[in-house]
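Numbering (the numbering used here), first residue to last: 6 to 131. Every residue gets a Cβ at the ideal spot worked out from N, C-alpha and C, and that includes glycine. Down below is the structure, laid out as structure tokens.
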Amino acid sequence: MDWLVQWIGGKPTTQTIAISGKSVELRCSARAGRELARRERLLIVEVELAFACFARKQMHFHEMAPGRETISVNAKLALLFTKIVPNSCDPATPAEGGQGEMPPGFVPSWIELDYVRGGWRGDYGL
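Quick look at the structure:
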């Protein structure tokens, strides 16, 4: 429960986790830590990387992810990775999403979480 004490303590925290054999630094702001400590349910952070004519990265926040494999960080937080590869560069063309191993060069080096004005925010870098 050391992570809980740190998050309630009002300081940003950093934790290193292994994803697909790579070390990823997970950074939580003090606000995110306090909000996670208050939660009764698990927060699932979806890290999405879309490949098309250009790469697009987004993060989504969920309460549940039925049928999808998550990576447990602790009792309050899990990660979900999604890669999307469209069949063409046309934005109107549906893209195919999927789970599984991220391509080797595309596992994030860091993930940041914050809680601002009642909503979750996040970013990541390759």
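Opening and closing residue of the beta strand (DSSP E) in which residue i lies
i: glycine 124; result: 124-130
i: alanine 35; result: Unbroken run through alanine 35 is the alpha helix (DSSP H), 35-43; no beta strand (DSSP E).
i: lysine 62; result: 60-67
Where residue i sits in the DSSP three-state scheme
i: glutamate 30; result: strand
i: alanine 55; result: strand
i: glycine 105; result: At glycine 105 the pLDDT is 49, less than 50, meaning the model places this residue with poor confidence and gives no usable figure here.
i: leucine 118; result: strand
i: valine 112; result: coil
i: leucine 47; result: coil
i: alanine 83; result: strand
i: lysine 16; result: coil
i: alanine 70; result: coil
Contact belief for residue i with residue j at Cβ below 8 angstroms, rounded distance in angstroms
i: threonine 19; j: arginine 39; result: Not quite, the Cβ-Cβ distance comes to about 16 angstroms (not below 8 angstroms), so this is no contact.
i: arginine 36; j: aspartate 119; result: 6 angstroms
Proximity of residue i and residue j at Cβ, strictly below 8 angstroms
i: lysine 88; j: arginine 44; result: no
i: glycine 127; j: proline 113; result: no
i: lysine 62; j: glutamate 51; result: no
i: isoleucine 49; j: threonine 75; result: yes
i: arginine 73; j: leucine 85; result: yes
i: tryptophan 125; j: phenylalanine 56; result: no
Residue i at chain B interface by Cβ criterion, 8 angstroms
i: methionine 69; result: Among the chains in the structure shown there is no chain B, since it carries only a single protein chain.
With 16 other Cβ atoms within 10 Å as the buried cut-off, status of residue i
i: valine 29; result: buried
i: glutamate 117; result: buried
i: valine 78; result: buried
i: alanine 23; result: exposed
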